[in-house]
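Notes follow the structure.
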């Protein structure tokens with residue numbers, strides 16, 4: 001589904017910033033994975049490349065059997081609109097449009113008639129348990145409801161993949177659990193989902209955690225070794241305290 005081979009990205013400037021330093025990554029169809037890393041690790045840049053929001057300098061990115069490389073703005077927008085559903089931390093809902101209109105917006109850009117796109121939006125809102133809130137503005141919704149509207153909007157084009165950037169970052173712990181239940185249910189239905197998060201609790205609810213540090217994917221073997229070293233250090237400290 002997603003294949004990256006030796007992907008590099010450098011931002012130009014007085015001092016060029018080499019953000020991605022040879023990313024190799026494979027995500028299979030139907031996986032629910034999280035990408036975790038500290039601020040400045042490169043995870044946001046990686047998500048932008050996965051979402052065809054930014055180009056990369058060298059390497060290879062294949063999405064759903066399509067080579068993504070040096071696309072023009074229109075071609076990139078067309079692929080995003082047909083292949084990818086986005087969910088953002090800040091919801092990105094249009095304040096003066098009600099829930100139905102917000103959910104239907106991607107279909108507007110595909111040229112779908114108002115009647116059909118609104119009917120499809122109602123179906124997605126019903127799926128999210130929000131049918132009775134269909135004609136409410138974002139200002140009348142709770143944070144959890146806004147995020148469910150955003151998820152419905154991401155799903156309305158029947159995308160191949162959902163990319164979620166800190167989808168629980170603006171939510172309280174109870175609402176975060178509810179939102180993650182939705183992502184797991186979508187995964188159970190076969191939806192490929194990639195979640196960027198700094199929250200270990202969110203990562204633990206995905207099927208695989210991909211850790212990125214200093215522009216590189218950390219191999220699982222190094223993660224296990226690091227955890228073992230930490231456990232040994234804790235044991236040594238306990239032994240010293242009792243000696």
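Numbering (full-length UniProt numbering), first residue to last: 1 to 243. Glycine is no exception: its CB is placed at the ideal position from the N, C-alpha and C atoms.
Evaluate residue 19 with the Cβ neighbour count: other Cβ atoms within 10 Å of its Cβ, from every protein chain shown; 16 or more gives buried, anything less gives exposed.
For the purposes of this step, residue 19 is identified with residue 19 of the chain shown, where counting begins at 1. Classification for residue 19: buried.
Quick check for students: name the residue ranges of the beta strand (DSSP E) that lie wholly in the region 167-231, counting only runs of 3 or more.
192-197, 208-213
Just reading off the beta strand (DSSP E) that residue 23 is part of, what are its end residues?
On the chain shown, position 23 is the one that residue 23 refers to. Counting along the chain, the beta strand (DSSP E) containing residue 23 begins and ends at 17-27.
Going by DSSP, what residues sit across from residue 87 in a beta bridge?
The count along the chain shown starts at 1 and reaches residue 87 at position 87. Residue pairing by DSSP puts residue 87 in a beta bridge opposite 164.
Between the CA atoms of residue 181 and residue 188 - distance to the nearest angstrom
Here residue 188 corresponds to residue number 188 of the chain shown, with the count starting at 1. Here residue 181 corresponds to residue number 181 of the chain shown, with the count starting at 1. So the alpha carbons of these two residues sit roughly 10 Å apart.
Tell me the rounded alpha-carbon separation between residue 52 and residue 94.
What you label residue 52 is simply residue 52 of the chain shown in a count that begins at 1. What you label residue 94 is simply residue 94 of the chain shown in a count that begins at 1. Approximately 22 Å, taken between the alpha carbons.
Beta strand (DSSP E) segment containing residue 6, residue limits
In the chain shown, residue 6 corresponds to position 6, counting from 1. Its beta strand (DSSP E) spans residues 2-11.
Rounded to whole angstroms, what is the Cα-Cα separation between residue 123 and residue 102?
Within the chain shown, the letter at position 123 stands for residue 123. Within the chain shown, the letter at position 102 stands for residue 102. Taking the straight line joining both Cα atoms gives about 13 Å.
With 16 other Cβ atoms within 10 Å as the buried cut-off, status of residue 221:
Indexing the chain shown from 1 puts residue 221 at position 221. Only weak support exists for where residue 221 lies, its pLDDT of 45 falling under 50; the coordinates are left without a value.
Please determine, among 203, 186, 213, the residue with the shortest C-alpha to C-alpha distance to residue 169.
Numbered from 1 along the chain shown, position 169 holds the residue referred to as residue 169. Per the Cα distances, 203.
If the criterion is Cβ atoms closer than 7 Å, does the pair residue 8 and residue 42 meet it?
Position 8 of the chain shown, counting from 1, holds the residue named residue 8. Position 42 of the chain shown, counting from 1, holds the residue named residue 42. The answer is no: Cβ separation not under 7 Å.
How is the alpha helix (DSSP H) around residue 61 delimited, first residue to last?
Against the chain shown, residue 61 aligns to sequence position 61. Here residue 61 belongs to no alpha helix (DSSP H); instead the beta strand (DSSP E) covers 58-63.
Look at residue 87 and residue 210 and say whether their C-beta atoms are less than 7 Å apart.
As a first step, residue 87 must be located in the chain shown, where it is residue number 87. As a first step, residue 210 must be located in the chain shown, where it is residue number 210. No; because the gap between Cβ atoms is not below 7 Å, this pair is not in contact.
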